[in-house]
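Trainee:
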Amino acid sequence: MILAILTGLFLLLVFSPAVWTGVMRSLFPGLERVIYSMAPLGQLVLEHVFLVGISSGLAAVLGLATGIFVTRSWGRDFLPAVNALASMGQTFPPVAVLALAVPAVGFGYRPTIIALLIYGLLPIVRNTIAGIESLDGAVLEAARGMGMTPGQVLAKVELPLAGPVIMAGVRISTVINIGTATLGATIGAGGLGKPIIAGLIGENPAFILEGAILVGLFAVIVDTGLGLLVRQDIAQA
Amino acid sequence: MIRLDRVTKEYFGKAAVADLTLTVAEGEFAILIGPSGCGKSTTLRMINRLIEVTRGTIAIDGTNVEHYRPEELRRRIGYAIQNVGLFPHMTVAQNIAVVPKLLRWDESRRDRRTDELLDLFSLDPAEYRTKYPHQLSGGEAQRVGVARALAADPAILLMDEPFGALDPITRESLQIEFARIQRELKKTIVFVTHDIDEAIRLANRIVILKEGRLVQAGTPEAILTAPVDRFVMEFIGTDRALKRLSRLSAADFMVDAPSIGQEMSLSEAGSALADHRYLWVVDGLRRPVGWLDGDDLGSEAATAAEAMTRMDYRTEGIAADATLREALSRMIQGGIRGAPVVDEGGELLGEIRLSDILDA
Ligand SMILES: Nc1ncnc2c1ncn2[C@@H]1O[C@H](COP(=O)(O)OP(=O)(O)O)[C@@H](O)[C@H]1O
Ligand SMILES: [Mg+2]
Numbered sequence: 001m002i003l004a005i006l007t008g009l010f011l012l013l014v015f016s017p018a019v020w021t022g023v024m025r026s027l028f029p030g031l032e033r034v035i036y037s038m039a040p041l042g043q044l045v046l047e048h049v050f051l052v053g054i055s056s057g058l059a060a061v062l063g064l065a066t067g068i069f070v071t072r073s074w075g076r077d078f079l080p081a082v083n084a085l086a087s088m089g090q091t092f093p094p095v096a097v098l099a100l101a102v103p104a105v106g107f108g109y110r111p112t113i114i115a116l117l118i119y120g121l122l123p124i125v126r127n128t129i130a131g132i133e134s135l136d137g138a139v140l141e142a143a144r145g146m147g148m149t150p151g152q153v154l155a156k157v158e159l160p161l162a163g164p165v166i167m168a169g170v171r172i173s174t175v176i177n178i179g180t181a182t183l184g185a186t187i188g189a190g191g192l193g194k195p196i197i198a199g200l201i202g203e204n205p206a207f208i209l210e211g212a213i214l215v216g217l218f219a220v221i222v223d224t225g226l227g228l229l230v231r232q233d234i235a236q237a
Numbered sequence: 238m239i240r241l242d243r244v245t246k247e248y249f250g251k252a253a254v255a256d257l258t259l260t261v262a263e264g265e266f267a268i269l270i271g272p273s274g275c276g277k278s279t280t281l282r283m284i285n286r287l288i289e290v291t292r293g294t295i296a297i298d299g300t301n302v303e304h305y306r307p308e309e310l311r312r313r314i315g316y317a318i319q320n321v322g323l324f325p326h327m328t329v330a331q332n333i334a335v336v337p338k339l340l341r342w343d344e345s346r347r348d349r350r351t352d353e354l355l356d357l358f359s360l361d362p363a364e365y366r367t368k369y370p371h372q373l374s375g376g377e378a379q380r381v382g383v384a385r386a387l388a389a390d391p392a393i394l395l396m397d398e399p400f401g402a403l404d405p406i407t408r409e410s411l412q413i414e415f416a417r418i419q420r421e422l423k424k425t426i427v428f429v430t431h432d433i434d435e436a437i438r439l440a441n442r443i444v445i446l447k448e449g450r451l452v453q454a455g456t457p458e459a460i461l462t463a464p465v466d467r468f469v470m471e472f473i474g475t476d477r478a479l480k481r482l483s484r485l486s487a488a489d490f491m492v493d494a495p496s497i498g499q500e501m502s503l504s505e506a507g508s509a510l511a512d513h514r515y516l517w518v519v520d521g522l523r524r525p526v527g528w529l530d531g532d533d534l535g536s537e538a539a540t541a542a543e544a545m546t547r548m549d550y551r552t553e554g555i556a557a558d559a560t561l562r563e564a565l566s567r568m569i570q571g572g573i574r575g576a577p578v579v580d581e582g583g584e585l586l587g588e589i590r591l592s593d594i595l596d597a
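Heads up: the protein sequence lines correspond to chains H and D, in order.
So the first sequence is numbered by our numbering: it starts at 1 and just counts up by one.
So the second sequence is numbered by our numbering: it starts at 238 and just counts up by one.
1) To test your reading of the DSSP string, which unbroken beta strand (DSSP E) runs of 3 or more residues are found completely within the segment 338-402 of chain D?
2) Relative to the C-alpha of residue 535/D, which residue among 518/D, 336/D and 506/D is closest?
3) In chain H, which residues lie with their C-beta within 7 Å of the C-beta of residue 285/D?
4) Out of 115/H, 74/H and 178/H, which one is the CA nearest neighbour of residue 44/H?
5) Going along chain D in order, which residues have a C-beta closer than 9 Å to the C-beta of residue 161/H?
6) Just checking residue 369/D against ligand 1 - is the residue's beta carbon closer than 7 Å to any of the ligand's heavy atoms?
7) Less than 8 Å separating the beta-carbons of residue 396/D and residue 358/D?
8) As an exercise, report each continuous alpha helix (DSSP H) stretch of at least 4 residues that is fully enclosed by the segment 572-597 of chain D, in chain order.
9) Which runs of the beta strand (DSSP E) at least 3 residues long sit entirely within the segment 439-499 of chain D? Give them in chain order.
10) For residue 139/H, decide whether its Cβ has a neighbour in chain D, counting only Cβ atoms nearer than 8 Å.
11) Determine the closest residue to residue 435/D out of 408/D, 493/D, 276/D and 330/D, with distance taken between C-alpha atoms.
12) Measuring CA to CA, which of 40/H, 64/H and 205/H is closest to residue 238/H?
13) How is residue 32/H classed by DSSP in three states: helix, strand or coil?
14) Tell me, please, whether the CB atom of residue 403/D is closer than 8 Å to any CB atom in chain H?
15) Looking at the C-beta of residue 377/D, does it have a partner C-beta in chain H at a distance below 8 Å?
16) Could you name the residues that DSSP lists as bridge partners for residue 527/D?
17) Would you mind sorting residue 311/D into buried or exposed? The rule is 16 or more other CB atoms within 10 Å of its CB.
18) Would you identify the three-state DSSP class for residue 320/D, choosing helix, strand or coil?
19) Is it the case that the Cβ atoms of residue 442/D and residue 412/D are separated by a distance below 8 Å?
20) Does the beta carbon of residue 130/H sit closer than 8 Å to a beta carbon anywhere in chain D?
21) Of all the CB atoms in chain A, is at least one closer than 8 Å to the CB of residue 77/H?
22) Would you kindly check if the distance between the Cβ of residue 241/D and the Cβ of residue 295/D is under 8 Å?
23) Quick one: does residue 142/H have its CB under 8 Å from some CB of chain D?
24) From what residue to what residue does the beta strand (DSSP E) around residue 187/H run?
25) What does the alpha-carbon distance come out to for the pair residue 550/D and residue 384/D?
26) Measure the C-alpha to C-alpha separation of residue 476/D and residue 464/D and round it to an integer number of angstroms.
27) Does the beta carbon of residue 365/D come closer than 8 Å to any beta carbon on chain H?
28) Check whether the Cβ of residue 397/D lies closer than 7 Å to any heavy atom of ligand 2, and answer yes or no.
29) Is residue 447/D a contact residue of ligand 2, with contact defined as CB to any heavy atom under 7 Å?
30) Tell me whether residue 552/D sits in a helix, a strand or coil according to DSSP, three-state version.
31) Taking residue 423/D as part of the alpha helix (DSSP H), name the residues at either end of that continuous run.
32) What's the call for residue 306/D, buried or exposed, on a 16-neighbour Cβ count within 10 Å?
33) Give me the DSSP bridge partner(s) of residue 277/D.
34) Can you list every residue whose CB sits closer than 5 Å to some heavy atom of ligand 1, going in chain order?
35) Given a cut-off of 8 Å on the beta-carbon distance, is the pair residue 182/H and residue 211/H in contact?
36) Give me the chain H residues within the contact set of residue 308/D, using Cβ-Cβ distance strictly less than 8 Å, ordered along the chain.
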């Protein structure tokens, strides 16, 4: 329900920006232009979805794989190193990752996706490890003792039980990436960061507000949607 | 049959189990017992290869366990542990059906087996099938845990302190229930405990371990009557004679009980009493409601019911599956020399006499 209302509002703002011209005018009476029009908002949304979709999708797959790997008996040697890396990476500013990625792969969406991928990996890895490590030892011993293969223990016991915690990681990661992806506009990746950057450069607070509201709405919609997904998962279990 | 031959398990050069040789025969209920850290769990877990031996061999029905893939081996051996380890995201029925599902039984066979096991453990299938583990009490969860271990009808059952985490009352009722189930199923069981009373109550054979080594193995009677050293003697405690009594059930000492109906006239009762010191008086459902002895005959009463000394079969009757130890303590507390043995409905089955027990 909330999801439907938010999505409706979001689409309305994207496709008929004229509806809030009045609001913007009264907020910023001194400005000549209050609605960003250098590119259609629909296109910016698609670019943003592309940036976040690819990076978060890859982050989910890689993060899950890494988390699973370091909690296997044969990968456990890497657990301390990955844990350390994960908490260190979180303190690394995304702008710095972006700045480092540009010389490596040039301008455009590629460095942005790389930065978002690296950044989005961390919460997923951390939560996958936490979810699996927190499982009751007796449950795992029973699973092995009854004759499940390591793959069956993972698929039938560990992942279903750690699922909600892992999904929470995916959710955090995706929401962070939606916000961070705005930085991509500074290096030519497009997306909803464009009005914000344009506003910063052209000293037009209306553009900044417009971009920020759209990004915020987008993040809340995705967060709510993923939250619903998780709850359905739990209800099924 | 399980055979351990000079089995040793070392951790960092230190032996957790040392040179252990042991045979558990088909249908035998063997209990490994000893102080904490003496290697009981390690021994048990080497049988289903959750732990691999350092030296020595373990064979089941003559085949070395290393001959099987570990998973294949474990699916043929039931395994129940102290902390149960039910899968919290599965219902009771799904938990029980885990091994049958791994063995690819079809759904109707799995369902039938699940209900059969719930029945066996006195859990109403209609009510419990769809419950989740967090909705069960500790005793119910462990019943499901043991039912799950029995699901694919394995010939061998390994149990690591399965009743250890339960409160004493629940533990005792599960022990009694499990003893009944084992009489029916005759599995080959290796059971770990550190509770000597549990071992005496359940085992056909007790294996006492100390620091990874076998100290004494034998029937509970043999161990209670002839402990090999001070360690065993201290371990089994001072009340050895009393402990032996908990091996025997009231039914083993039951003899026929003379009884008369409560409507019988006192004169008839008098002639019936000629052959006995006392008579049990039973109601229409053959439940003992009192007893009659020579002193009661002198009364003015017309029927046995009016003259008898009243009793309540619900509190004073002894259940057939009670241990002799319980029966004895009840008789001593009540200051009586004989007690009626009754079935679940209260019907008189026979009696036990203090003199018979003391002769044992
Ligand atoms: N994985 C392990 N690593 C090192 N030592 C172990 C390990 N597992 C068990 N031990 C040691 O082996 C001994 C026997 O343990 P265990 O079989 O669990 O004893 P218990 O009789 O209490 O079940 C103990 O001294 C324990 O510390
Ligand atoms: Mg143990």
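Think of the CB as a built atom: it goes at the ideal place given N, C-alpha and C, for glycine as much as any other residue.
Mentor: Quick answer:
1) Fully enclosed beta strand (DSSP E) runs of 3 or longer: 393-397.
2) Numbered from 1 along the second sequence, position 298 holds the residue referred to as residue 535/D. It is 506/D whose Cα lies nearest to the Cα of residue 535/D.
3) Here residue 285/D refers to the residue found at position 48 when the second sequence is read from its first residue. Within chain H, the residues near residue 285/D are 145.
4) Numbered from its first residue, the first sequence carries residue 44/H at position 44. With distances taken between Cα atoms, residue 44/H lies closest to 178/H.
5) The residue labelled residue 161/H in the question sits at position 161 within the first sequence. Within 9 Å Cβ-Cβ: 324, 325 and 326.
6) Position 132 of the second sequence, counting from 1, holds the residue named residue 369/D. Not under cutoff, so the answer is no.
7) On the second sequence, position 159 is the one that residue 396/D refers to. On the second sequence, position 121 is the one that residue 358/D refers to. Cβ atoms of residue 396/D and residue 358/D: not closer than 8 Å.
8) If only uninterrupted alpha helix (DSSP H) runs of at least 4 residues are considered, those enclosed by the segment 572-597 of chain D are 591-596.
9) If only uninterrupted beta strand (DSSP E) runs of at least 3 residues are considered, those enclosed by the segment 439-499 of chain D are 442-447, 450-455 and 496-498.
10) Stepping through the first sequence from its first residue, residue 139/H is reached at position 139. Yes, contact with chain D.
11) Here residue 435/D refers to the residue found at position 198 when the second sequence is read from its first residue. That would be 408/D, whose Cα lies nearest to the Cα of residue 435/D.
12) One cannot answer for residue 238/H here, as it falls past the ends of chain H, which runs 1 to 237.
13) Indexing the first sequence from 1 puts residue 32/H at position 32. If DSSP states are grouped into helix, strand and coil, residue 32/H belongs with coil.
14) Taking the second sequence and counting its residues from 1, the one referred to as residue 403/D is at position 166. Using a Cβ-Cβ cut-off of 8 Å, residue 403/D does not count as an interface residue toward chain H, since no Cβ of chain H sits closer than that to its own.
15) In the second sequence, residue 377/D corresponds to position 140, counting from 1. Closer than 8 Å: no.
16) Here residue 527/D refers to the residue found at position 290 of the second sequence. Bridge partners of residue 527/D: 518/D and 547/D.
17) For the purposes of this step, residue 311/D is taken as the residue at position 74 of the second sequence. Residue 311/D comes out buried.
18) For the purposes of this step, residue 320/D is taken as the residue at position 83 of the second sequence. Three-state result, residue 320/D: coil.
19) By 1-based counting over the second sequence, the position of residue 442/D is 205. By 1-based counting over the second sequence, the position of residue 412/D is 175. No, they are not a contact pair.
20) Mapped onto the first sequence, residue 130/H falls at position 130. Judged by the 8 Å Cβ criterion, residue 130/H is not in contact with chain D.
21) Absent from the structure is chain A; the protein chains it does hold are H and D.
22) Here the question's residue 295/D lines up with position 58 in the second sequence. Here the question's residue 241/D lines up with position 4 in the second sequence. Closer than 8 Å, so yes.
23) On the first sequence, residue 142/H is found 142 positions in, with the first residue counted as 1. Chain D contact via Cβ: present.
24) As a working note, residue 187/H is residue 187 in the first sequence. From DSSP, residue 187/H is part of no beta strand (DSSP E); its letter is neither H nor E.
25) Counting from 1 along the second sequence, the entry for residue 550/D is found at position 313. Counting from 1 along the second sequence, the entry for residue 384/D is found at position 147. Looking at the two C-alpha atoms, the distance is approximately 33 Å.
26) The sequence position of residue 476/D within the second sequence is 239, counting from 1. The sequence position of residue 464/D within the second sequence is 227, counting from 1. Rounded to the nearest angstrom, the two C-alpha atoms are 13 Å apart.
27) Position 128 of the second sequence holds residue 365/D. It does not: the Cβ of residue 365/D has no partner Cβ on chain H nearer than 8 Å.
28) Residue numbering aside, residue 397/D sits at position 160 when the second sequence is read from its first letter. With a cut-off of 7 Å, the C-beta of residue 397/D is classified as near ligand 2, since at least one heavy atom of the ligand falls inside that distance.
29) For the purposes of this step, residue 447/D is taken as residue 210 along the second sequence, with counting starting at 1. False, no ligand heavy atom lies under 7 Å from that Cβ.
30) Position 315 of the second sequence, counting from 1, holds the residue named residue 552/D. Helix.
31) By one-based count along the second sequence, residue 423/D stands at place 186. That residue, residue 423/D, is in no alpha helix (DSSP H); it is neither H nor E in DSSP.
32) Translated into the one-based positions of the second sequence, residue 306/D becomes position 69. Exposed, by the Cβ-count rule.
33) For the purposes of this step, residue 277/D is taken as residue 40 along the second sequence, with counting starting at 1. Paired residue(s): none; residue 277/D is not in a bridge.
34) 248/D, 253/D, 273/D, 274/D, 275/D, 276/D, 277/D, 278/D and 279/D
35) Mapped onto the first sequence, residue 182/H falls at position 182. Mapped onto the first sequence, residue 211/H falls at position 211. Their beta carbons are under 8 Å apart, which means residue 182/H touches residue 211/H by this criterion.
36) Locating residue 308/D in the second sequence gives position 71, where the first residue counts as 1. Within 8 Å Cβ-Cβ: 147, 148 and 149.
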